[in-house]
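Undergrad:
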Amino acid sequence: MLGIKGNLNQGLALLKSLSRHNSDSTILDGISKEAAYLYSFSLLHVAKQPITAWSETLKCTSDYKTNLTSNFFRSNIAMKLNKNETAIQVLEVRPRNAEYSQFWFAHYLLGVAKMNKQDTGAIVELNAFYTNFRGRNYIKSCLQKMSWYHTIQGNTRLATRYKGMISTIGFAMNEEDKHALRFVNKPTPHPILLKTRLLYDGGYTKEALEAIEQIDPKKLATIKLKAEFCYRRGRIAQKQEEMARALKLYEACSLFALDSDEYYGSYASIYIADYYLSKGDKVLARKFYERALGFEKNKEYEESIEQRAKAGLKKC
6 MLGIKGNLNQ
16 GLALLKSLSR
26 HNSDSTILDG
36 ISKEAAYLYS
46 FSLLHVAKQP
56 ITAWSETLKC
66 TSDYKTNLTS
76 NFFRSNIAMK
86 LNKNETAIQV
96 LEVRPRNAEY
106 SQFWFAHYLL
116 GVAKMNKQDT
126 GAIVELNAFY
136 TNFRGRNYIK
146 SCLQKMSWYH
156 TIQGNTRLAT
166 RYKGMISTIG
176 FAMNEEDKHA
186 LRFVNKPTPH
196 PILLKTRLLY
206 DGGYTKEALE
216 AIEQIDPKKL
226 ATIKLKAEFC
236 YRRGRIAQKQ
246 EEMARALKLY
256 EACSLFALDS
266 DEYYGSYASI
276 YIADYYLSKG
286 DKVLARKFYE
296 RALGFEKNKE
306 YEESIEQRAK
316 AGLKKC
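According to the numbering used here, the residues represented by the sequence shown are 6 to 321, in order.
(1) Identify, in the order they occur along the chain, each residue of the same chain with its Cβ nearer than 8 Å to the Cβ of N27, setting aside the five sequence neighbours on each side.
(2) Verify whether the separation of the beta carbon atoms of A111 and L131 is less than 8 Å.
(3) Taking C-alpha atoms, which residue in C147, L198, I277, R162 lies nearest to E180?
(4) I need the straight-line Cα distance from L254 to A242, nearest angstrom please.
(5) Can you check whether the CB of S265 is closer than 8 Å to the CB of K223?
(6) Within the same chain, show all residues whose beta-carbon is closer than 7 Å to that of I157, passing over the 5 residues directly before and after it, in chain order.
(7) How would you write the range of the alpha helix (DSSP H) that Y272 sits in, first residue to last?
(8) Quick check on the DSSP output: the alpha helix (DSSP H) that includes V98 runs from which residue to which?
(9) So within the segment 105 to 162, which uninterrupted alpha helix (DSSP H) runs reach at least 4 residues, ignoring any that extend past its ends?
(10) State buried or exposed for Q245, treating a residue as buried only when at least 16 other CB atoms are found within 10 Å of its CB.
(11) Count the other C-beta atoms from every protein chain shown that fall within 10 angstroms of the C-beta of H2, then say buried if there are 16 or more, exposed otherwise.
(12) Where does R25 fall in DSSP's three states?
(13) Are the beta-carbon atoms belonging to R291 and L318 less than 8 Å from one another?
(14) Contact criterion: CB-CB distance below 8 Å. Does R141 meet it with respect to chain B?
(15) Starting from the Cα of K168, find the closest Cα among M151, K53, H184 and give me that residue.
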């Protein structure tokens with residue numbers, strides 16, 4: 006519409022070139038740091054090169070103990086890469102003396118990281134962010150995380166209280182806050198499935214498996230819970246390179262989730278399609294990419310699901 010044509014490789018090459026000017030005496034020195042941040046960010050989120058992205062992140066954020074922006078970038082990308090322990094370690098040594106501005110969002114990030122680890126200190130960090138932050142973003146998301154914390158701890162009263170606050174406090178402008186707002190009208194999460202999800206997100210695969218094995222899927226009360234169980238167990242199986250088992254669980258999930266407004270069926274179908282595409286079976290890959298686009302009631306992560314499925318179909 007604007008007449009702009011993007012080129013991924015040229016854009017990355019320009020950012021990489023700019024990021025190497027950090028010792029210049031020219032004006033480029035002033036933007037080389039920012040370019041380095043954006044280069045590592047783009048490698049992860051646009052080019053889908055996580056190993057290279059992490060390598061570049063380590064280089065450009067080596068001053069994370071004295072530079073709050075570097076601290077944020079290193080911890081944030083570590084969390085995206087399931088390097089939860091690294092994220093916690095980085096955030097806990099961030100600069101905090103009077104020379105620096107208060108950065109309340111670091112408390113939110115540390116709270117999320119500690120939630121992933123099932124560290125009870127998570128609620129202290131989340132409460133610090135909620136109590137002190139005066140901006141608009143991540144308030145609803147913080148309340149959702151606080152509700153989750155108390156759900157896992159078995160405190161139904163506080164879990165319900167924080168969930169109820171989401172509707173009236175904060176704004177829903179970013180994806181995390183929109184996701185939190187949709188949470189208000191959903192049933193209370195199954196505490197063990199929620200715990201499994203957080204442990205998996207933190208990269209604690211062994212602990213996630215131990216948690217989910219406490220559940221007998223036959224005793225789950227609803228089809229939605231059965232779909233989520235198959236999805237979470239499938240993610241663990243895939244992480245452990247048990248692909249035959251993962252494929253069965255993902256397909257079961259996609260069938261349980263046919264009438265669901267959750268993302269489980271769509272993403273399970275994408276993971277199946279990605280596997281078949283990697284094996285050169287474009288017929289089965291196409292079938293499951295098309296299935297991923299067929300969950301009409303799903304309202305979660307719609308844009309990213311559509312992008313991934315259509316990109317897969319293009320490769321087919």
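Even glycine gets a Cβ: it sits at the ideal position worked out from N, Cα and C.
TA: Quick answer:
(1) D34, S37, K38, A41
(2) no
(3) C147
(4) 9 Å
(5) no
(6) P196, L199, K200
(7) 269 to 283
(8) First-last for V98: undefined, no H or E at that position.
(9) 110 to 122, 127 to 137, 144 to 158
(10) exposed
(11) One cannot answer for residue 2 here, as it falls past the ends of the chain, which runs 6 to 321.
(12) coil
(13) yes
(14) Among the chains in the structure shown there is no chain B, since it carries only a single protein chain.
(15) M151
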